[in-house]
Amino acid sequence: MLKPILFTVALLLTTIVASEDTGVSIHKAQSEETARLIEMIDGSFEQPTPDSPTKAAKVFLSTLSPEEQHRVQLDFKQETAIDWDNAPLYEETRNGASFDELNAETIRAALQLIRSTQSEEGYKQLTDVMKADAFLHTDNTDDTLGAGLYSISIHGTPSDDDVWMLQFSGHHLAKNIVIHENIAHVTPQFLGVEPGQFTWWDGVTYEPLYDEKNSLQTLFDSLSEEQIDAAKLGELHEDVVLGPEKDDSFPEKMGIAYIALSAQQQELFQDVVTTWTVASPASETVHAYLEEDALDETTIAWSGHTDMNEPGAYARIDGPRVWLEWSAKDGASNASDPHFHTIWRDKQFDYAGAFVD
4 MLKPILFTVA
14 LLLTTIVASE
24 DTGVSIHKAQ
34 SEETARLIEM
44 IDGSFEQPTP
54 DSPTKAAKVF
64 LSTLSPEEQH
74 RVQLDFKQET
84 AIDWDNAPLY
94 EETRNGASFD
104 ELNAETIRAA
114 LQLIRSTQSE
124 EGYKQLTDVM
134 KADAFLHTDN
144 TDDTLGAGLY
154 SISIHGTPSD
164 DDVWMLQFSG
174 HHLAKNIVIH
184 ENIAHVTPQF
194 LGVEPGQFTW
204 WDGVTYEPLY
214 DEKNSLQTLF
224 DSLSEEQIDA
234 AKLGELHEDV
244 VLGPEKDDSF
254 PEKMGIAYIA
264 LSAQQQELFQ
274 DVVTTWTVAS
284 PASETVHAYL
294 EEDALDETTI
304 AWSGHTDMNE
314 PGAYARIDGP
324 RVWLEWSAKD
334 GASNASDPHF
344 HTIWRDKQFD
354 YAGAFVD
């Protein structure tokens, strides 16, 4: 449970069910505990942007008790760093400590640390995924889900010169962020959401993966029947292929080549890559993916459906470095709800290349 917090938050009541085109609406009141945490998340956007990840990490660590620091600060080694998952809490344990186990001061410092490693768009998307889990926790009375069950850990010693890592993970979210000279390298990154679109207690509608889905759908809608056939994979994929525990397992390149696309389609293709990598504050990463030589060796492929909303729809982009996957699934909590998984990997620079032979 969250440790006592020295302010009062009114319990938010349910809203009137929104129209169908605004997504799934909540039918139950959120708990005071959820309301407190969401208030801290929303309040984090109003704080000054941290100067650097290293400074933000030192502030965060200073708020921990000795026991908490023992759990949260780990050695930076491969076997620990690659130990992450996107499953609900009952299926996997996490490195570090969850927000439910930390006090308000520490949570606020943790949020600013995470924010320091993301673009503003990436941080907003991350917190929207957490809100989706709070939605599921409340709507399904499921204690294996919730915004308080995301865990944070630091691997190594934060400094301006040494390499260290921030890991933040939970249901539908895994951020593995290696910091070198205060530059954040953000892959591998898992993002998912269920329901795909949902309306919050205050009437605001969220769709955390809308931009990724829309850019990908726009590209597929532009392809001719011949191009669709050329891009089709020979087997179905029920989920992303290179999720947790799949480091360095990249399959043979398949699909239709970027160079086989029209000039307009190539622009749409580049828009997909740019949109999906928006979380990265380091633009040179995206530039490397979009260099002419890299694009000449990049493909797009699909299986199941080319409608990215349909359960069973799967798509991937595969380049010399960039690897992006989309998977649409049946809802796990509510079978009729849209449920999406994505992964972004960098073949050369996952974990900032720290574990590449």
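Numbering (the numbering used here), first residue to last: 4 to 360.
Glycine included, every Cβ here is placed at the ideal spot set by N, Cα and C.
A quick note: this is a predicted structure, and the numbers were derived from the prediction, not measured.
What's the C-alpha gap between residue i and residue j?
i, j, result
"Thr96", "Tyr153", "10 Å"
"Asp242", "Ala335", "13 Å"
"Glu294", "Pro191", "21 Å"
"Ser122", "Gln273", "19 Å"
"Glu215", "Met311", "10 Å"
"Trp347", "Asp103", "28 Å"
"Gly258", "Gly246", "20 Å"
"Pro211", "Trp279", "12 Å"
"Tyr261", "Gly199", "29 Å"
"Ala355", "Ile157", "15 Å"
"Trp87", "Gln170", "8 Å"
"Gly195", "Trp203", "18 Å"
"Gly159", "Asp205", "40 Å"
"Ala187", "Ile180", "6 Å"
"Asp24", "Phe201", "With a pLDDT of only 43 at Asp24, under 50, the local geometry of the prediction cannot be trusted, and the value read off the model is given with reservation. Asp24 and Phe201: Cα-Cα distance of roughly 10 Å."
"Phe63", "Thr109", "6 Å"
"His240", "Trp305", "9 Å"
"Thr120", "Ala318", "27 Å"
"Val359", "Ile320", "22 Å"
"Gly315", "Thr309", "9 Å"
"Asp250", "Gly322", "16 Å"
"Lys235", "Ala90", "28 Å"
"Gln128", "Lys178", "12 Å"
"Ile41", "Ser34", "11 Å"
"Ala32", "Ile85", "37 Å"
"Gly237", "Phe253", "16 Å"
"Ala297", "Val281", "19 Å"
"Thr57", "His175", "26 Å"
"Gly173", "Leu139", "13 Å"
"Asp146", "Ser65", "30 Å"
"Ser352", "Gln81", "The residue asked about is misnamed: residue 352 is Phe in this sequence, not Ser. Their Cα atoms are separated by approximately 14 Å."
"Arg324", "Tyr292", "7 Å"
Is residue i helix, strand or coil by DSSP?
i, result
"Ala177", "strand"
"Gln170", "strand"
"Tyr153", "coil"
"Asp274", "helix"
"Gln200", "coil"
"Ile182", "strand"
"Ile85", "coil"
"Thr147", "coil"
"Gly99", "coil"
"Phe195", "As written in the sequence, residue 195 is Gly, which differs from the Phe given in the question. Gly195: strand per DSSP, three-state reduction."
"Asp54", "coil"
"Lys2", "For residue 2 there is no data in the structure shown, the boundaries of the chain being 4 and 360."
"Thr309", "coil"
"Ser336", "coil"
"Thr208", "strand"
"Ile187", "It is worth fixing the name first, because residue 187 is Ala in this sequence and not Ile. Reduced to three states, the DSSP call for Ala187 is strand."
"Ala90", "coil"
"Ile29", "coil"
"His240", "coil"
"Ala59", "helix"
"Ala357", "coil"
"Ala137", "helix"
"Ala282", "coil"
Within the continuous alpha helix (DSSP H) that includes residue i, where are the two ends?
i, result
"His73", "69–75"
"Asp214", "213–225"
"Ala38", "35–47"
"Ala107", "107–119"
"Asp164", "No alpha helix (DSSP H) holds Asp164; DSSP gives it neither H nor E."
"Glu295", "295–298"
Less than 8 Å between the CB atoms is what I'm expecting for residue i and residue j, so what's the real figure, rounded?
i, j, result
"Ser283", "Asn185", "At roughly 14 Å, the Cβ-Cβ gap does not stay under 8 Å, so Ser283 and Asn185 are not in contact."
"Lys350", "Thr302", "Not really, about 13 Å apart at Cβ, beyond 8 Å."
"Ala100", "Ile155", "7 Å"
"Thr83", "Leu77", "5 Å"
"Leu222", "Leu271", "4 Å"
"Thr37", "Ala150", "6 Å"
"Val275", "Ser218", "5 Å"
How is the beta strand (DSSP E) around residue i delimited, first residue to last?
i, result
"Val325", "325–332"
"Thr302", "302–306"
"Arg363", "It is not possible to answer for residue 363, since the shown part of the chain is limited to 4 through 360."
"Ala318", "317–321"
With a cut-off of 7 Å, does the C-beta of residue i fall near any C-beta of chain D?
i, result
"Asp232", "Looking for chain D here will not work: only one protein chain is present."
Query raised in the report: Are there three or more Cβ pairs, one per stretch, closer than 8 Å when the stretch 60–75 is compared with the stretch 329–346?
Result: no
**Report entry** Touching by the beta-carbon criterion (3+ pairs, under 8 Å), the stretch 319–331 and the stretch 264–271
**Finding:** no
Query raised in the report: Counting Cβ pairs closer than 8 Å, one from the stretch 158–171 and one from the stretch 220–228, do we hit at least three?
Result: no
Report task. Tell me, please, whether the stretch 109–118 touches the stretch 46–65 by the rule of three or more beta-carbon pairs shorter than 8 Å. Result -> yes
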